[in-house]
Amino acid sequence: MGKISVLVGFFLLLFGNHLWAGTITVCSSCEVKTIKEGIAVAADFDTLLIKKGTYREFNIQVNKPLTIIGENYPVIDGEDQGEIITIVSNNVTLDGLFIINVGTSYTSDYAAIRVVKSENFLIQNVVLEKLFFGIYLEKCKNGKVYHNKVIGDAVDEYNSGNGIQLWYSQNIVVKNNIVQHVRDGIYLEFSDNITIENNISSNNLRYGLHFMFSNDDIYKDNTFENNGAGVAVMFSKRIKMLGNTFKKNWGTASFGVLLKEINDAEITGNTFEENTIGISIEGSNRINYSKNNFVKNGWAIKVRGACYTNTFIHNNFMYNSFDLAYNSNLNDNIFEENYWSNYTGYDLDRNGTGDIPYRPVKLFSYIVNRTPETIILLRSLFMDIIDFSEKVSPVFTPDELVDAKPLMKKIK
Numbered sequence: 001m002g003k004i005s006v007l008v009g010f011f012l013l014l015f016g017n018h019l020w021a022g023t024i025t026v027c028s029s030c031e032v033k034t035i036k037e038g039i040a041v042a043a044d045f046d047t048l049l050i051k052k053g054t055y056r057e058f059n060i061q062v063n064k065p066l067t068i069i070g071e072n073y074p075v076i077d078g079e080d081q082g083e084i085i086t087i088v089s090n091n092v093t094l095d096g097l098f099i100i101n102v103g104t105s106y107t108s109d110y111a112a113i114r115v116v117k118s119e120n121f122l123i124q125n126v127v128l129e130k131l132f133f134g135i136y137l138e139k140c141k142n143g144k145v146y147h148n149k150v151i152g153d154a155v156d157e158y159n160s161g162n163g164i165q166l167w168y169s170q171n172i173v174v175k176n177n178i179v180q181h182v183r184d185g186i187y188l189e190f191s192d193n194i195t196i197e198n199n200i201s202s203n204n205l206r207y208g209l210h211f212m213f214s215n216d217d218i219y220k221d222n223t224f225e226n227n228g229a230g231v232a233v234m235f236s237k238r239i240k241m242l243g244n245t246f247k248k249n250w251g252t253a254s255f256g257v258l259l260k261e262i263n264d265a266e267i268t269g270n271t272f273e274e275n276t277i278g279i280s281i282e283g284s285n286r287i288n289y290s291k292n293n294f295v296k297n298g299w300a301i302k303v304r305g306a307c308y309t310n311t312f313i314h315n316n317f318m319y320n321s322f323d324l325a326y327n328s329n330l331n332d333n334i335f336e337e338n339y340w341s342n343y344t345g346y347d348l349d350r351n352g353t354g355d356i357p358y359r360p361v362k363l364f365s366y367i368v369n370r371t372p373e374t375i376i377l378l379r380s381l382f383m384d385i386i387d388f389s390e391k392v393s394p395v396f397t398p399d400e401l402v403d404a405k406p407l408m409k410k411i412k
C-alpha cells in the first residue's frame, strides 16, 4: 500500500487540478448562457465549450486557468463598447472564436484580446474583424499566437490600432497568422527572444512589421507585402531575419526594410522585390547580409550614413534601377562575390568570377540622392555618360567600394 500511496501522490503533484477538470457548455439554451457566467462558475483548468451563436459581450475577464473553445466559430460581438477579452491568468487557451466590434478610443488601446502578465497562454484559430487593436500582449512570457486571422478596416493612422502587438514581453512565438488592414501589422516594443514565423502581413496603413528596443528576436519565412511604408526595424541588437519576402512596398517614403541603429544582426535568404528601396540603412553596424535577392527595386540598398563593418556576400542584385546608393566617400563595408545583373565584365579564366571589379555605386545615383528631380533622366544617354566618367575616374563615390569578385552567374 505504501508504494500505491507514493504513486498517487506523485500523480497529484504532477497533474494537480487537471485530473478533475470538467467541461462547461455555453449556449442560448444551455444552463450557462453567457461566457462571463461560464468563467464565473468554472473551476481552475476547466474547459468552456462555446456553442455556435452570437454572444453580445465585452470586458470578459479570464482570471483563472481555462481552455475556452469555440464550436463552429461562435461570434463574440463587443458592440463597439470597449475591450472584449482580457486574460489576466496563466495557462489560458483561446481557440476557435470569431470576435468583432472592438470599441475605438483616443485614450485607451482597446483590443479584441488583451493578455496581461500571463505565462503559458495559447491563442489560436481566432478570427478578429472590425477591431481597434487585435491581439495585445502586455508583460507576458512563454506564450503562443498561432493560426489567427486579424482583418481590420483602418483608414487613418490616428484612429486605428495594430494587429498583433507585444509590449515588454519575452519568449513568445507568433506563427502562421494573417494580418491585414490595420495600422502596423505586427508591432514589438521592449520584447526579447521573440519568434515571428510564417506570417503574412499585407495591405496595412503603415508598417507590415515594426519593432523597437527588442533584442535577440528571429523573423523567419514571413511575407510583408503592399504595406504603406514597409518594415521598420529600430534600436535593436542581435536580430535574425531569415527567408522573409518584402514585396511591393511602393511610395516616396517606402522601403522593404528600414534598419535604424541595428547592430550585430544577420539578414540571410530574404527576397526584396519591387520596393521603392529594398533596404534603407542608417547607423547600423556589424550586420551580415548573405544569400538575399534584390529584384526590380528602385534602389536595392540605400546607405544613409554611419554604417560600418557590414558584409554583403553572395547576394543577387537583379534588374534594380540602382543597386546601391551611398552618401559618404568613406567605406569599410565589404562587398564580395555578389551577382550583379548590371555587371558587364568578363571571365577569361572561367573561374566563375569577373576579371574586372564591379563598382555598384553609380554617379547618377549620387546625383539623384542630392537632387531627386533628376530621376526623370533615368535610362537616358546623359545617365550613361556620367556613370562612365565616374567609373573611369571616381571622384564622388567611394573609391574602395567595389566587389572585387563579382559572380558571373546568379546564386541559386
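Numbering (full-length UniProt numbering), first residue to last: 1 to 412. Yeah, the Cβ is synthetic: ideal placement off N, Cα and C, and Gly gets one too.
- Judged by DSSP in its simplified three-state form, I69 adopts strand.
- Assignment of N159 by DSSP, reduced to helix, strand and coil, places it in the helix class.
- Within the same chain, T311, F312, I313, D403, A404, K405 come within 8 Å of E336 by CB-CB distance, once the 5 residues on both sides are set aside.
- In chain order, F45, D46, T47 place their CB closer than 7 Å to the CB of A21, counting only its own chain and leaving out the 5 sequence neighbours on each side.
- Apart from the 5 residues on each side of it in sequence, N90 sits with its Cβ closer than 7 Å to the Cβ of P65, S118, E119, N120 in its chain, given in chain order.
- For V88 against Q61, the beta-carbon gap comes to about 7 Å, under 8 Å, which counts as contact.
- Looking at V150, T195, N162, the one whose alpha-carbon comes closest to that of S169 is T195.
- In the three-state reduction of the DSSP assignment, G298 falls in the coil class, being assigned neither a helical nor a strand state.
- Boundaries of the alpha helix (DSSP H) around A40: 35–41.
- Shown here, N275 sits in coil according to DSSP, grouped into three states, outside any helix or strand.
- Nearest to A300 by alpha-carbon distance, out of D109, I281, I218, T107, is I281.
- DSSP, reduced to helix, strand and coil, places H210 within a strand of the structure shown.
- If you ignore the 5 residues before and after D264, its C-beta comes within less than 7 Å of the C-beta of K237, R238, R286, all in its own chain and listed in chain order.
- Here DSSP, grouped into helix, strand and coil, assigns R114 to strand.
- In this structure, K141 keeps its C-beta atom at 7 Å or more from the C-beta atom of N177.
- The beta carbon of K248 sits closer than 8 Å to those of E225, N226, E273, E274, N275, all from its chain and outside the five residues before and after it, given in chain order.
- Taking all protein chains shown into account, L348 has fewer than 16 neighbouring C-beta atoms within 10 Å of its C-beta and is therefore exposed.
- Here the alpha carbon of F58 sits roughly 28 Å from the alpha carbon of S191.
- Sequence-distant Cβ neighbours of G305 in its own chain, meaning closer than 8 Å and more than five residues away, are E282, G283, N327, S328.
- If you check the CB distance, V179 and F132 do not come in under 7 Å.
- If you ignore the 5 residues before and after N204, its C-beta comes within less than 6 Å of the C-beta of V182, G185, N227, all in its own chain and listed in chain order.
- In the assembly as shown, S202 is a buried residue. Its beta-carbon has 16 or more other beta-carbons within 10 Å.
- In this structure, T23 is the residue among R350, C307, T23 with its C-alpha nearest to the C-alpha of V41.
- Residue environment: D217 is assigned as buried (16 or more neighbouring CB atoms within 10 Å of its CB, all protein chains considered).
- The distance from the Cβ of I39 to that of V75 is about 18 Å, inconsistent with a contact at the 8 Å cut-off.
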